[in-house]
Amino acid sequence: MRKYDAAVIGGCAAGMAVAINAKRLNPKLNIVIIEKLPRVGKKILATGNGRCNLTNISATASDYKNSAFVAEAFEKYPPEKVVGFFESMGLLTYADSEGRIYPRSNMAASVLDTLRCELEGLGIDVICDMPVTQIKKQNGGFEINGEIFSRKIIIATGGKASPSQGSDGSGYALAKQLGHTVTKLYPSLVPLTVKENVKPLKGVRARNVELTLKSDRVIRKTKGELLFTDSGISGIAAMELASATEELLGVVKSRAFTSVDFVPDMSMAELVDYLLKVKNIKGYCSVDMLFSGVLPKAIGIEICKALSLYKQEKRISQFSKRELVALAEKAKNYELEITGTKGFSNAQVTSGGIPVKEIEPQTMESKICKGLFFAGEIIDVDAPCGGYNLQWAFASGLLAGENI
Ligand SMILES: Cc1cc2nc3c(=O)[nH]c(=O)nc-3n(C[C@H](O)[C@H](O)[C@H](O)COP(=O)(O)OP(=O)(O)OC[C@H]3O[C@@H](n4cnc5c(N)ncnc54)[C@H](O)[C@@H]3O)c2cc1C
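In our numbering, the protein residues as written are 9 to 412.
Written out as structure tokens, the structure reads:
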């Protein structure tokens, strides 16, 4: 049986950060990463549309679920420390206008290559193609799959989101074998399906919209990009409503609606004034052009159709003031009924996981099983789009690494 001081289960963002920090701080440690896929870090390549938005410079603990728990990891490893961690391995980064940090090469592969080189340079063993299915606590350590013995163990297997990239939820079963529980799990940051036929808008994007998720009351508001798909809505603003929608539909058993404000930066009065101005300056134009100065044309057409005010031959000058007011109202409150989400297979993140009350926030060590640590998405911590989830994976990984 092969013997190690520390075995990290799961070789992606969190797992690699654990191993690197532990080995840097204590070069004598004999560390192994055990990864079920043929190579480490597959998910990193898919992040940030292939560019890897690796952290967000303005992220704070309050941006996360279970923020008090997250605060301890952020105290030691805030975003600038994560940027510094990559700089220390030779990877330079830049921030966009919203604080999202990307590699200067704009390629996720640079992030993964940097981590892989560091593992190699530090002499960390990596075993791939080995799904861990069993961990037994014995002889003052842990026996893994009956093949490897390690004094300490770190579960960094991610959640259930995007299982084609390795994170199939098997880590939860491993944690349960060692006495842990798992909270209810929801797919998060995933496209939504809607009841209405949105096919005519498929592929159309609207920037800077505001979405309000409602049942009999307002549940959550988001702002950002909205993208129509053939069965619903995607884009950051829609995806950020996913976990709350799952809870509403699956647990509260209530209907869920989203109201889209396509022009949140204009008040109702300003939008009406604008439409009256459009009527004055281009009244001779077809109805298709009514909203085209502020929105993609296809959305303007659907707004008119929703009020049965669309006729192709109609001219803008033919709209009455009352109709323009109704159209402005529709543009600021375009309601869609949400029927569900596209599920874990299309989700970027899992909401839920190992309850934070079962983990020491200062060390990431289990409160239930000594010598067991957790890092990354397997813990019940998640956040919006924008580099926040990788920031958590790296910060919690660096903290766990420091403490093994
Ligand atoms: C398409 C997509 C885009 C994203 N873009 C961004 C972004 O730009 N910025 C951002 O902050 N976040 C992004 N995320 C979220 C982010 O990638 C995750 O939150 C982060 O990767 C979690 O890191 P982790 O190491 O905890 O888990 P994971 O990255 O899921 O890694 C877990 C690893 O464990 C392995 N594993 C699982 N079970 C076992 C087992 N039983 N035995 C051995 N190995 C196992 C898996 O194969 C995998 O390699 C994105 C996610 C997706 C799916």
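Glycine included, C-beta positions come from ideal geometry on N, C-alpha and C.
Expected contact under 8 Å - CB spacing of residue i and residue j to nearest Å
i       : j       : result
Ser-158 : Ala-14  : 6 Å
Phe-270 : Val-357 : Their Cβ separation, rounded to whole angstroms, is 27 Å, which puts Phe-270 and Val-357 out of contact at 8 Å.
Leu-406 : Thr-63  : Between Thr-63 and Leu-406 the Cβ distance is about 12 Å, and since that is not below 8 Å, they are no contact.
Val-180 : Trp-400 : It is worth fixing the name first, because residue 180 is Tyr in this sequence and not Val. 18 Å between Cβ atoms; not a contact.
Ser-328 : Ala-22  : Going by Cβ atoms, the distance from Ser-328 to Ala-22 rounds to 59 Å, so no, they are not a contact pair.
Glu-88  : Ile-65  : 7 Å
Val-48  : Cys-20  : 7 Å
Arg-32  : Leu-130 : 7 Å
Ala-336 : Val-280 : 5 Å
Leu-182 : Leu-221 : With 8 Å as the limit, Leu-182 and Leu-221 do not qualify as a contact, their Cβ atoms being about 34 Å apart.
Ile-376 : Gly-148 : Contact flag wrong, Cβ pair sits at about 17 Å.
Val-302 : Val-78  : Contact doesn't hold; Cβ gap of about 38 Å is too wide.
Pro-139 : Ser-353 : Contact flag wrong, Cβ pair sits at about 18 Å.
Ile-143 : Ile-161 : 6 Å
Best match in the options for proximity to residue i [C-alpha to C-alpha]
i       : options                            : result
Ser-251 : Phe-299, Lys-207, Asn-288, Gly-351 : Gly-351
Ser-300 : Ile-244, Ile-324, Thr-201          : Ile-324
Cys-136 : Lys-375, Arg-330, Gly-18, Gly-394  : Gly-18
Ile-52  : Gly-174, Lys-231, Thr-253          : Gly-174
Arg-225 : Ala-246, Glu-248, Leu-256          : Leu-256
Ile-387 : Leu-249, Ile-39, Gly-167           : Gly-167
Thr-230 : Thr-253, Gly-211, Thr-237, Asp-238 : Thr-253
Gly-211 : Phe-236, Cys-312, Ala-306, Glu-310 : Phe-236
Arg-422 : Lys-192, Ser-75, Ala-245           : Lying outside 9 to 412, the shown extent of the chain, residue 422 is not represented and no answer is given.
Lys-285 : Asp-104, Cys-312, Leu-332, Ala-306 : Leu-332
Val-206 : Gln-185, Ala-117, Leu-283, Leu-234 : Leu-234
Lys-340 : Ile-307, Lys-145, Gln-320          : Ile-307
Lys-192 : Pro-363, Ile-309, Pro-392, Met-247 : Pro-363
Thr-165 : Ile-132, Val-16, Lys-184           : Val-16
Phe-402 : Tyr-85, Arg-330, Ile-156, Gly-379  : Tyr-85
Arg-10  : Ser-267, Glu-155, Leu-283, Thr-189 : Glu-155
Endpoints, beta strand (DSSP E) assigned at residue i
i       : result
Asp-269 : 264–269
Gly-240 : 240–242
Asp-133 : 133–135
Ser-170 : Segment: none, Ser-170 is in no beta strand (DSSP E) and carries neither H nor E.
Phe-382 : 380–382
Asp-13  : 10–17
Ser-75  : From DSSP, Ser-75 is part of no beta strand (DSSP E) but of the alpha helix (DSSP H) over 75–84.
Val-40  : 39–42
Leu-344 : 342–349
Glu-151 : 149–152
Lys-144 : 143–146
Span of the alpha helix (DSSP H), counted from its first residue to its last, around residue i
i       : result
Pro-87  : 87–95
Tyr-180 : 178–185
Gln-399 : 396–411
Arg-124 : 116–130
Tyr-282 : 276–290
Glu-310 : 305–314
Residue i (DSSP reduced to helix, strand or coil)
i       : result
Leu-235 : strand
Tyr-102 : strand
Leu-257 : helix
Phe-327 : coil
Ala-336 : helix
Gly-360 : coil
Thr-220 : strand
Thr-189 : coil
Pro-111 : strand
Ile-163 : strand
Lys-203 : coil
Arg-228 : strand
Pro-195 : strand
Ile-156 : strand
Asn-57  : helix
Leu-32  : Note on residue identity: the sequence assigns Arg, not Leu, to residue 32. It is helical.
Glu-373 : strand
Ala-21  : helix
Ala-27  : helix
Lys-66  : Rather than Lys, the amino acid found at residue 66 in this sequence is Ser. Of the three classes helix, strand and coil, the one that applies to Ser-66 here is coil, per DSSP.
Ala-214 : strand
Ser-294 : strand
beta-carbon residue i near ligand 3 non-hydrogen atom, thresh 8 Å
i      : result
Tyr-85 : As far as ligands go, the structure on display features ligand 1 and does not contain ligand 3.
* At least 3 beta-carbon pairs within less than 8 Å: the stretch 50–64 vs the stretch 333–352 -> By the Cβ test, the stretch 50–64 is not in contact with the stretch 333–352, since fewer than three Cβ pairs between them sit closer than 8 Å.
* Touching or not, the stretch 377–397 and the stretch 12–31, by the rule of three or more beta carbon pairs under 8 Å? -> Segments in contact, yes.
* Asked: Is there contact here, the stretch 183–203 with the stretch 355–374, by at least three beta-carbon pairs under 8 Å?
  -> The stretch 183–203, when compared against the stretch 355–374, does touch it at the 8 Å Cβ threshold.
* Asked: Counting Cβ pairs, one atom from each stretch, are 3 or more of them under 8 Å apart for the stretch 284–302 and the stretch 389–398?
  -> The stretch 284–302 is not in contact with the stretch 389–398.
* **the stretch 116–125 in contact with the stretch 97–106 per 3-pair CB rule at 8 Å** => The answer is yes - the stretch 97–106 touches the stretch 116–125, with three or more Cβ pairs under 8 Å.
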